[in-house]
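Before any comments, here is the structure.
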Amino acid sequence: KGISYQAVRVEDIAYFISEHKITFLVDATGNKYIIEKSLQELETELDNKQFFRLNRKIIVHANCIKEIKTFINSRLKIHLSAGKQYEEVVVSRERVQDFKEWAGG
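First residue of the sequence shown: 1391, per the working numbering; consecutive thereafter.
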């Protein structure tokens, strides 16, 4: 069985998430694809006006952020949505100020 590749347009990317040392791309409809790059590599290649690294496990596209709430220890909890995929992600304390600036205040 060969490997198949799927092209995903940048505007259709909801987020990238690292789980068990594997990086996944989750598209806007909730489909999940394994990709061969680390979050660190992606962070340098992605447009930082559209994408933001919330913590060590996830990089999000602005369009998939549905809700932002304050959380303990001056952190933020972000609700992400991609099709039927739903994630609650905590922004690391050291990234909160950068996130607020990125998100427009």
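Ideal Cβ positions, reconstructed from N, Cα and C, are used throughout, including at glycine.
Does residue i pass the burial test, meaning 16 or more other C-beta atoms within 10 Å, or should it be called exposed?
i       : result
Arg1443 : buried
Asp1417 : buried
Glu1477 : buried
Ala1397 : exposed
Trp1413 : Strictly speaking, residue 1413 in this sequence is Thr, with Trp absent from that position. With 16 or more other Cβ atoms within 10 Å, it is buried.
Ile1407 : buried
I'd like the span of the alpha helix (DSSP H) that includes residue i, first residue to last.
i       : result
Lys1490 : Val1486 to Trp1492
Start and end of the beta strand (DSSP E) containing residue i?
i       : result
Ile1468 : Arg1465 to Ala1472
Lys1459 : Ile1455 to Phe1461
Ile1448 : Ile1448 to His1451
Measure the alpha-carbon distance for residue i versus residue j and round it to whole angstroms.
i       : j       : result
Glu1431 : Tyr1405 : 14 Å
Arg1483 : Glu1409 : 21 Å
Gln1487 : Ser1471 : 23 Å
Lys1459 : Gln1475 : 19 Å
Identify the residues that DSSP records as bridge partners of residue i: which are they?
i       : result
Tyr1476 : Ser1471
Alpha helix (DSSP H) runs wholly inside the segment 1399 to 1442, at least 4 long, in chain order: 1429 to 1435
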